[in-house]
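Numbering (our numbering), first residue to last: 499 to 761.
For glycine and all other residues, C-beta sits at the position ideal for the given N, C-alpha and C.
As the structure is a computational prediction, the values presented were derived from the model and not from experiment.
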Ligand SMILES: [Mn+2]
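See below:
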């Protein structure tokens, strides 16, 4: 299957994803679950995580930022979408802030596509970006790429209606937790504090918030407010550990950190 055909087939699967309601996707989460953070064009990181898990029962939740920065965005997307096609009901692909052509143009993926002779795939790529949900609930875990939108929505229907280019969607793709390392990104992004996280978790009836978006040098993950986990699954070309979350029994019985794997 060509790159374009893969994108079109994945777009169809994303639109028909079980549990999908607008920009939101919901699954009861009884089985094994893997959550993968930013991959940023690192095919090796994706392959190593797949190899490590080797669990055929898993639901796989990817938090977005598949392209830019790393040199193998096309190869990563090809492998990721093939993986989705092989397990259509067990793969959820969320959108990250780099699933955006303007970002790709400023970073590396637009050049990568041109250098690999794939600019013709652009319309399929943009449709694929638009087919990705922005937020998910899997059992007791809530997931977004960036963070909690401010003000916190009062109903899940607001999440369902959010779009990547409206204020709520934008914030879910971009926001960061307010901690000592917080650095304003500007452009309408906002920090979310513990109260906002609690309100968001309460809205979704979840215990934990899982997000990517921020690299954590030398560590690969961080936990804020006891219940917000940042995981970053790319080594960032620095040899940093690739972090991901693995719930082999599908639920959390101790501190969430116990379920963070780093390879
Ligand atoms: Mn990001």
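Does the distance from the C-beta atom of residue 701 to that of residue 654 stay below 9 Å? The residue given as residue 701 occupies position 203 in the chain shown. The residue given as residue 654 occupies position 156 in the chain shown. The answer is yes: Cβ separation under 9 Å.
Considering only their Cβ atoms, is the gap separating residue 710 from residue 562 smaller than 9 Å? Walking along the chain shown from the start, residue 562 turns up at place 64. Walking along the chain shown from the start, residue 710 turns up at place 212. Cβ distance < 9 Å, so residue 562 and residue 710 count as in contact.
Could you check where the alpha helix (DSSP H) with residue 767 kicks off and where it finishes? Given that the chain is displayed from residue 499 to residue 761, the structure contains no residue 767 and the question cannot be resolved.
Please report the straight-line C-alpha distance between residue 759 and residue 743, rounded to a whole angstrom. Numbered from 1 along the chain shown, position 261 holds the residue referred to as residue 759. Numbered from 1 along the chain shown, position 245 holds the residue referred to as residue 743. Spanning the two alpha carbons is a distance of roughly 6 Å.
Report yes or no: do the segment 591-611 and the segment 569-578 share at least 3 C-beta pairs separated by less than 8 Å? yes
In chain order, what residues of the same chain have a beta carbon less than 6 Å from the beta carbon of residue 550, not counting five sequence neighbours either side? Here residue 550 refers to the residue found at position 52 when the chain shown is read from its first residue. Closer than 6 Å at Cβ, skipping near neighbours: 761.
Assess contact between the segment 516-523 and the segment 654-670, defined as three or more Cβ pairs (one per stretch) separated by less than 8 Å. Is contact present? yes
Compare the Cα-Cα distances from residue 723 to each of 741, 675, 626 and 732 and report the closest residue. One-based indexing of the chain shown puts residue 723 at position 225. Considering only alpha carbons, the answer is 675.
Where does the unbroken beta strand (DSSP E) through residue 524 begin, and where does it stop? Taking the first residue of the chain shown as 1, we reach residue 524 at position 26. First-last of the beta strand (DSSP E) with residue 524: 522-525.
First and last residue of the beta strand (DSSP E) that includes residue 590? Looking up residue 590 in the chain shown gives position 92. 589-591 is the span of the beta strand (DSSP E), which, as asked, contains residue 590.
Reference residue 645, options 514, 579, 684 and 728, closest by Cα: Taking the first residue of the chain shown as 1, we reach residue 645 at position 147. Ranking the options by Cα distance to residue 645, first place goes to 728.
Which residue or residues does DSSP assign as beta-bridge partners of residue 719? Residue mapping note: residue 719 aligns to position 221 of the chain shown, counting from 1. Answer is 729, bridged to residue 719.
Determine, using beta carbons only, whether residue 511 and residue 623 come nearer to each other than 9 Å. In the chain shown, counting from the first residue as 1, residue 511 sits at position 13. In the chain shown, counting from the first residue as 1, residue 623 sits at position 125. No. Outside cutoff.
Which stretch, first to last residue, makes up the alpha helix (DSSP H) that contains residue 532? Numbered from its first residue, the chain shown carries residue 532 at position 34. Residue 532 -> not in any alpha helix (DSSP H); beta strand (DSSP E) instead, spanning 531-534.
Over the uninterrupted beta strand (DSSP E) stretch that includes residue 713, give me the two end residues. The sequence position of residue 713 within the chain shown is 215, counting from 1. That residue, residue 713, is in no beta strand (DSSP E); it is neither H nor E in DSSP.
Taking the beta carbon of residue 652 as the centre, do at least 16 other beta carbons fall within 10 Å, making it buried, or is it exposed? Taking the first residue of the chain shown as position 1, residue 652 is located at position 154. Exposed, since its Cβ has fewer than 16 Cβ neighbours within 10 Å.
Buried or exposed for residue 613, going by 16 or more other Cβ atoms inside 10 Å? Reading the chain shown from its first residue, position 115 is the one you call residue 613. Its Cβ having fewer than 16 others within 10 Å, residue 613 is exposed.
First and last residue of the uninterrupted alpha helix (DSSP H) at residue 599: Here residue 599 corresponds to residue number 101 of the chain shown, with the count starting at 1. Here the alpha helix (DSSP H) through residue 599 covers 599-604.
Starting from residue 633, trace the beta strand (DSSP E) both ways and give me its first and last residue. Within the chain shown, numbered from 1, the residue matching residue 633 stands at position 135. Where residue 633 is concerned, the enclosing beta strand (DSSP E) stretches over 633-636.
Nearest to residue 714 (by Cα), restricted to the options 732, 703, 706 and 708: If you number the chain shown from 1, residue 714 lands on position 216. Per the Cα distances, 732.
Can you find a heavy atom of ligand 1 that lies under 8 Å from the Cβ of residue 644? Position 146 of the chain shown, counted from the first residue, corresponds to residue 644. Yes; taking the cut-off as 8 Å, the Cβ of residue 644 has a heavy atom of ligand 1 nearer than that.
Just curious, the alpha helix (DSSP H) that residue 627 is in, first and last residue? On the chain shown, residue 627 is found 129 positions in, with the first residue counted as 1. Run containing residue 627: 620-629, per the alpha helix (DSSP H) assignment.
Where the alpha helix (DSSP H) through residue 702 begins and ends: Your numbering for residue 702 matches position 204 in the chain shown. Element bounds for residue 702: 692-702.
What three-state label does DSSP hand residue 501 in the structure shown? Reading the chain shown from its first residue, position 3 is the one you call residue 501. Here residue 501 sits in helix by DSSP.
What residue does the beta strand (DSSP E) around residue 639 start on, and which one ends it? Translated into the one-based positions of the chain shown, residue 639 becomes position 141. Residue 639 -> beta strand (DSSP E) spans 639-642.
Tell me, please, which residues DSSP counts as bridged to residue 557. Here residue 557 refers to the residue found at position 59 when the chain shown is read from its first residue. Looking at the DSSP assignment, residue 557 forms a beta bridge with 531.
Please state the DSSP three-state secondary structure of residue 570. Reading the chain shown from its first residue, position 72 is the one you call residue 570. Coil.
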